[in-house]
Amino acid sequence: MMVCEYKPGLEGIPAAQSSISNVDGQKGILEYRGIQIEELAEKSTFLETAYLLIWGELPTSEELAAFEYEVRYHRRIKYRICDMMKCFPESGHPMDALQASAAALGLFYARRDLNNPIYIRNAVVRLIAKIPTMVAAFQLMRNGNDPVRPRDDLDYSANFLYMLNEQEPDSLAARIFDVCLILHAEHTMNASTFSARVTASTLTDPYAVVASAVGTLGGPLHGGANEEVIQMLEEIGSVENVRPYIEDCLERKSKIMGFGHRVYKIKDPRATILQNLAEQLFAKFGQDKYYDIAQEIERVVEEKLGHKGIYPNVDFYSGLVYRKLGIPTDLFTPVFAIARVAGWLAHWKEQLEENRIFRPSQVYDGKRGIPYMPIEHR
Ligand code: CMC
67 MMVCEYKPGL
77 EGIPAAQSSI
87 SNVDGQKGIL
97 EYRGIQIEEL
107 AEKSTFLETA
117 YLLIWGELPT
127 SEELAAFEYE
137 VRYHRRIKYR
147 ICDMMKCFPE
157 SGHPMDALQA
167 SAAALGLFYA
177 RRDLNNPIYI
187 RNAVVRLIAK
197 IPTMVAAFQL
207 MRNGNDPVRP
217 RDDLDYSANF
227 LYMLNEQEPD
237 SLAARIFDVC
247 LILHAEHTMN
257 ASTFSARVTA
267 STLTDPYAVV
277 ASAVGTLGGP
287 LHGGANEEVI
297 QMLEEIGSVE
307 NVRPYIEDCL
317 ERKSKIMGFG
327 HRVYKIKDPR
337 ATILQNLAEQ
347 LFAKFGQDKY
357 YDIAQEIERV
367 VEEKLGHKGI
377 YPNVDFYSGL
387 VYRKLGIPTD
397 LFTPVFAIAR
407 VAGWLAHWKE
417 QLEENRIFRP
427 SQVYDGKRGI
437 PYMPIEHR
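What follows is the structure in structure tokens.
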């Protein structure tokens, strides 16, 4: 048997062959199905991008209209799911609420007919349609309000902001939110996607696949970093405090949230687009006091850590955009999940096409041959 070198975190080890997305971390390029992210951010919509990721090609106008119609039709959630969510503690994190609700969808829809393209299509549509409704519903219910029903006359992103804030969003705000979803929809073999593929490889249902990926996304080293960026900006509080704060972090060897990436060694292309979106929002709706602090952090971190390839990642500016859109800080990661469900589902589908259950090995470094010690002798 071939003996392989153990790599913590499987760093650099291919876990799948995939044609969904591609990153060139040296040049700062991200492509979905070969199309650069900048072009999709400018010209596409989230639902069109989700279609591209999942079915491999941009849809024709008929295909897109059919997909949008189906997603619109399936936005509502069952009252039993709502009732279940009403029992969640208000103090619980919305990512935990989302993970539980996504898993609960599996209770309602027939499972494991994985060879049937209609089952695959319906599962894709239901998950993309219902996850935003569940995120918005939990937000309203934890504040003691009834959830708002989705509005059929609003598109995907405008409807989410409407369900969240109980008012129709400004069109620029809705478009910018849609672009944020495009930017977060997929990103090669990251931790949550790997988790989705491992779960998919057991041939369980897609709701379990998404629920496991949501659980993985929640950690501060992955999707949870955008929340921590805002906490860091709050803690720093002023431009003058940036340098001492960063120097202190470096001395304590603690990570600066929103910086660094396993693959990108220059500024994440999504961070550049998000910074630009933030500036568009500030121009229309007024500055955010944290933007100056954020820019100063970028300058100081570049000066101190640029030589190590540490630059802003996708999470650094996304929080400032979401704040301006009126999204509460602890919903940032659920919003990331709304977008990333498209990528997870694309990987679920790809995994099923040539499935082999994940069953890696380990390097055992524990004891062996130890006799069982009766409890009275321990
Ligand atoms: N602040 C300070 N130093 C850093 C940072 C950071 N954010 N990121 C990496 N480094 C340093 C690290 O200390 C190490 O230095 P040295 O070689 O002297 O020990 C070197 O850079 C390599 O770091 P690493 O942790 O081995 O790199 P990695 O590829 O394992 O880490 C990362 C990638 C994203 C986990 C890490 O950069 C990090 O923890 N960043 C902060 C959390 C964050 O923003 N996460 C969001 C990631 S992007 C979106 C997503 O994946 O969801």
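If you use the working numbering, the sequence shown corresponds to residues 67 to 444, in order. Note that the Cβ used here is the ideal one computed from N, Cα and C, for glycine as well.
Where do the N-terminal and C-terminal ends of the beta strand (DSSP E) with residue i fall, by residue?
i: Ile441; result: Looking at the DSSP string, Ile441 is not in any beta strand (DSSP E), and its letter there is neither H nor E.
i: Tyr98; result: Ile95 to Tyr98
With a 10 Å radius around its C-beta and 16 neighbouring C-beta atoms as the bar for buried, classify residue i as buried or exposed.
i: Ser127; result: exposed
i: Tyr357; result: buried
i: Ser167; result: buried
i: Pro437; result: exposed
i: Pro160; result: buried
i: Phe382; result: buried
i: Cys246; result: buried
i: Ile184; result: exposed
i: Asn379; result: buried
With DSSP run on the structure shown, which of helix, strand or coil describes residue i?
i: Val308; result: helix
i: Gln417; result: helix
i: Asn88; result: strand
i: Gln353; result: coil
i: Ile376; result: coil
i: Tyr185; result: helix
i: Phe154; result: coil
i: Gln102; result: strand
For residue i, which residues from the same chain have a beta carbon less than 8 Å from its beta carbon, with the 5 sequence-adjacent residues on both sides left out?
i: Gly392; result: Leu227, Leu230 and Asn231
i: Ala251; result: Tyr98, Phe112, Thr115, Ala116, Leu119, Ala405, Arg406, Ala408 and Gly409
Since residue i is in the alpha helix (DSSP H), which residue starts that stretch and which ends it?
i: Ile423; result: Where Ile423 is concerned, there is no enclosing alpha helix (DSSP H), given that its DSSP letter is neither H nor E.
i: Tyr135; result: Ser127 to Tyr139
i: Ile120; result: Phe112 to Trp121
i: Gly172; result: Pro160 to Phe174
i: Tyr72; result: It is not in any alpha helix (DSSP H) - Tyr72 carries neither H nor E in the DSSP assignment.
i: Tyr273; result: Pro272 to Leu283
i: Ser258; result: Ala257 to Ala266
i: Leu299; result: Ala291 to Ile302
Leaving aside the five residues before and after residue i along the sequence, list all residues of the same chain whose C-beta is less than 6 Å from its C-beta, in chain order.
i: Ala277; result: Gln165, Ala168 and Ala169
i: Thr395; result: Glu293 and Ile296
i: Gly289; result: Leu283, Thr399 and Phe402
i: Leu96; result: Val89, Ile103 and Pro335
Closer than 7 Å by C-beta to residue i: which residues in its own chain qualify, once you throw out the five before and the five after it? Chain order, please.
i: Val429; result: Tyr72
i: Val191; result: Glu136, Val137 and His140
i: Met207; result: Met151, Lys152 and Pro213
i: Asp218; result: Arg138
i: Lys370; result: Ile312 and Leu316
i: Asp354; result: Phe348, Leu386, Arg389 and Lys390
Which parts of the segment 194-236 are runs of the beta strand (DSSP E), unbroken and 3 residues or longer, counting only runs that do not cross its ends?
none
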